[in-house]
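Novice: Below you will find the structure I want to go over with you.
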Amino acid sequence: MSDQTNYTKAFEELQTIVTEIESGEISVDELSDKVKRATELIRICKTKLTTTEENVNQILRDLEGEE
378 MSDQTNYTKA
388 FEELQTIVTE
398 IESGEISVDE
408 LSDKVKRATE
418 LIRICKTKLT
428 TTEENVNQIL
438 RDLEGEE
């Protein structure tokens, strides 16, 4: 997945990784890679949420200016 991954796909993959870690389904060797990937996914989700918040705030400011 690239940085253009949508929020839903990133969040679903993150949930899968957390489930695997919690259930012990992954080896110690895989753990480092899974944690790195989870960090990337969290960054993607955080960026998307921040961008969405900024867009909504801009729309609200634009609407207030029209009144």
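The sequence shown lines up with residues 378 to 444 when you count with our numbering. By construction, the Cβ of each residue, glycine as well, lies at the ideal position given by its N, Cα and C atoms. Please read all numbers here as calculations on a predicted model, not as lab measurements.
Anyone know if the C-beta pair for L418 and I394 falls short of 9 Å?
Specialist: The count along the sequence shown starts at 1 and reaches residue 418 at position 41. The count along the sequence shown starts at 1 and reaches residue 394 at position 17. Against a cut-off of 9 Å, the Cβ pair of I394 and L418 comes out as a contact.
Novice: Report the three-state DSSP secondary structure of V433 (helix, strand or coil).
Specialist: What you label residue 433 is simply residue 56 of the sequence shown in a count that begins at 1. Of the three classes helix, strand and coil, the one that applies to V433 here is helix, per DSSP.
Novice: Does the Cβ of I421 have 16 or more other Cβ atoms within 10 Å, making it buried, or fewer, making it exposed?
Specialist: Within the sequence shown, the letter at position 44 stands for residue 421. Label assigned to I421: buried.
Novice: Look at the alpha carbon of T396 and the alpha carbon of T429, and state the distance between them as a whole number of angstroms.
Specialist: Numbered from its first residue, the sequence shown carries residue 396 at position 19. Numbered from its first residue, the sequence shown carries residue 429 at position 52. The straight-line gap from Cα to Cα measures roughly 27 Å.
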